[in-house]
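Below is one structure, written out as structure tokens, with a few remarks after it.
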Amino acid sequence: MEVLNDEFYMRLALNLAEGASGQTGVNPVVGCVVANNGRIVGMGAHLKRGEGHAEVLALDMAGDQANGATAYVTLEPCSHFGKTPPCCDRLIAEGVSRVVVAALDPNPLVAGQGVKRLRDAGVEVEVGILQAEAVDQNEAFRKYIVTGMPFITLKTALSLDGRIATHAGHSRWITGAEAREAVHTLRHRNAGIMVGVDTVIADDPELTTRLSVPGLHPTRIVVDSKLRIPESSRVLNEAARTIVLTTDRAEQAKAQRLIELGAEVYRSGDVSRVDLARSMKWLGENGISSVLLEGGGVLNGAMLEAGLVDKLMLFYAPLIVGGEGSPSAFAFKGPEAMSSALRLTRVSMQHFGEDWCVTGYPMGN
Ligand code: AOF
Ligand code: ZN
Numbered sequence: 000m001e002v003l004n005d006e007f008y009m010r011l012a013l014n015l016a017e018g019a020s021g022q023t024g025v026n027p028v029v030g031c032v033v034a035n036n037g038r039i040v041g042m043g044a045h046l047k048r049g050e051g052h053a054e055v056l057a058l059d060m061a062g063d064q065a066n067g068a069t070a071y072v073t074l075e076p077c078s079h080f081g082k083t084p085p086c087c088d089r090l091i092a093e094g095v096s097r098v099v100v101a102a103l104d105p106n107p108l109v110a111g112q113g114v115k116r117l118r119d120a121g122v123e124v125e126v127g128i129l130q131a132e133a134v135d136q137n138e139a140f141r142k143y144i145v146t147g148m149p150f151i152t153l154k155t156a157l158s159l160d161g162r163i164a165t166h167a168g169h170s171r172w173i174t175g176a177e178a179r180e181a182v183h184t185l186r187h188r189n190a191g192i193m194v195g196v197d198t199v200i201a202d203d204p205e206l207t208t209r210l211s212v213p214g215l216h217p218t219r220i221v222v223d224s225k226l227r228i229p230e231s232s233r234v235l236n237e238a239a240r241t242i243v244l245t246t247d248r249a250e251q252a253k254a255q256r257l258i259e260l261g262a263e264v265y266r267s268g269d270v271s272r273v274d275l276a277r278s279m280k281w282l283g284e285n286g287i288s289s290v291l292l293e294g295g296g297v298l299n300g301a302m303l304e305a306g307l308v309d310k311l312m313l314f315y316a317p318l319i320v321g322g323e324g325s326p327s328a329f330a331f332k333g334p335e336a337m338s339s340a341l342r343l344t345r346v347s348m349q350h351f352g353e354d355w356c357v358t359g360y361p362m363g364n
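For the sequence shown, position 77 matches number 76 in numbering that gives the first Met the number 0, and the numbering has no gaps at all.
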């Protein structure tokens, strides 16, 4: 039996927040539990940008029972007027006597002001219960709100020898059904999904979310410096929004046809290859706070070289593909010295059927 303490309630609040992962847009996921005298009297999660914050929903449920209660919140309650009034004011007005916070809000509009406001009003505040979990849960939001750049997760399926296809170009399937289902959950959780045009030409993927239950489709993003994308590509269908990242050198007539097909086209200047850093910044300015990078190897390599990847999720299948020319998951020149190879930190492994997902973060990013 789990011990009834601050961690118990905070874990519940984290679970409520986790359920909303992928559906709050540029906003964080937040969960709140209100407990009074050993009884849960209110629960809430922020479900959609522009709609109620977690605390407000939980307090609405608690009603009079919020008076003298403890509120457990996964993120510091806000102190600013955004799309909704400050949660701090509501907690104070309801007579909540203690607020337990997992992590501070990095949003410069809040950043400690929420805690201060509560304490100034005489509310007891404790910060840091299950902090690491809360920080991880909003890793994309935490980068985006302070830099304006999307949080980029490089995801790839690969053989043990790092190949993403055979020498003949066969790539279906490397990993099994469980790993592929996990990838679709990742699509639901990211605002954008990005591939290079060679992947579109080779595989004609739709890049939508196809789970055993309905999920949200990310905005599809294709990196295509010369606009070689076939007009019949499935990625241009009406299932979801599509953005094509290209250069000033690409043909205007082709760009126009893509726009007529419903795509948006962003040109990052008179350069031979798409300016990836500038394009990521533009995506951020257009409300895309997280991107799942799904290859191919050349784009993966370029994004790594540019230092634009925040996290890697490598789904290893127990296969050896071999073949001198078979494509690698990371096609880039790389360093001369082994000591200069890109090292991952905070590495963890998770089992999916017969496959293993290695998750890590590039060191120094
Ligand atoms: C909270 N509880 O449930 C959430 C918070 O545009 P708005 O009004 O929704 O405000 C968004 C900002 O508020 C967001 O950037 C973050 O700082 C905070 N989110 N705060 O107290 C919540 N979702
Ligand atoms: Zn709030």
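We treat Cβ as the ideally placed atom computed from N, Cα and C, and that holds for glycine.
Reduced DSSP category for residue i - H, G, I as helix; E, B as strand; rest coil
i	result
R171	coil
E125	strand
Q136	helix
T218	strand
D223	coil
G43	strand
V357	strand
K153	In the sequence as displayed, the identity of residue 153 is Leu instead of Lys. Looking at L153 - three-state DSSP - the assignment turns out to be strand.
Y112	The amino acid at residue 112 is misidentified as Tyr; the sequence shows Gln. Residue state, collapsed to three classes: helix.
V28	coil
T207	coil
H187	helix
R342	coil
Q22	coil
R162	strand
I144	helix
I242	strand
M337	helix
F7	helix
For residue j and residue i, the rounded distance between their alpha carbons
i	j	result
K142	V40	33 angstroms
H216	E123	42 angstroms
V99	I91	14 angstroms
E251	V264	Per the sequence shown, residue 251 should be read as Gln rather than Glu. Each residue's Cα considered, the two are about 10 angstroms apart.
A44	V29	6 angstroms
L129	S20	18 angstroms
R227	F314	29 angstroms
S96	E125	12 angstroms
N35	Q64	7 angstroms
T152	N66	43 angstroms
W355	L185	16 angstroms
H52	T241	30 angstroms
N189	L318	28 angstroms
D269	M279	17 angstroms
L282	M148	8 angstroms
L333	G296	Per the sequence shown, the amino acid found at residue 333 is Gly instead of Leu. The alpha-carbon atoms of G333 and G296 are separated by roughly 13 angstroms.
M362	M60	44 angstroms
S170	D202	9 angstroms
L257	A276	23 angstroms
A120	C87	10 angstroms
A102	E323	49 angstroms
N4	P27	25 angstroms
N364	L307	8 angstroms
W248	L206	Going by the sequence as given, residue 248 is Arg instead of Trp. C-alpha separation (whole angstroms): 26 angstroms.
For residue i, the residue or residues it bridges with in DSSP
i	result
I319	DSSP, once it has assigned bridges, lists no residue as partnering I319.
N36	Note: N36 sits in no beta bridge, so no partner.
M193	I220, L292
S130	In the sequence as displayed, the identity of residue 130 is Gln instead of Ser. For Q130, which the question treats as bridged, DSSP gives no partner whatsoever.
M348	V357
S327	R162
8 angstroms Cβ cutoff, residue i in contact with chain D
i	result
H350	Although the question refers to chain D, the structure presented lacks it and comprises just one protein chain.
Three or more C-beta pairs under 8 angstroms: does that hold for the segment 285-301 against the segment 321-337? yes
The segment 195-211 / the segment 220-240 touching (three or more Cβ pairs under 8 angstroms): Counting C-beta pairs closer than 8 angstroms gives three or more between the segment 195-211 and the segment 220-240, which meets the contact rule.
Three CB pairs or more closer than 8 angstroms across the segment 168-177 and the segment 342-359: yes
Going along the chain, which unbroken runs of the beta strand (DSSP E) with 3 or more residues stay wholly within the segment 244-314? Secondary structure within the segment 244-314: the beta strand (DSSP E) runs of 3 or more consecutive residues, fully enclosed, are 263-266, 289-292 (chain order).
Give, in chain order, every unbroken run of the beta strand (DSSP E) that is at least 3 residues long and sits entirely within the segment 38-111. Those beta strand (DSSP E) runs which fall completely within the segment 38-111 and span 3+ residues are 38-44, 69-74, 97-102.
Counting Cβ pairs closer than 8 angstroms, one from the segment 106-123 and one from the segment 67-80, do we hit at least three? yes
Go through the residues and name those whose CB comes closer than 5 angstroms to any heavy atom of the ligand PLP, in chain order. For the ligand PLP, the structure offers nothing, since it holds only the ligand AOF and the ligand ZN.
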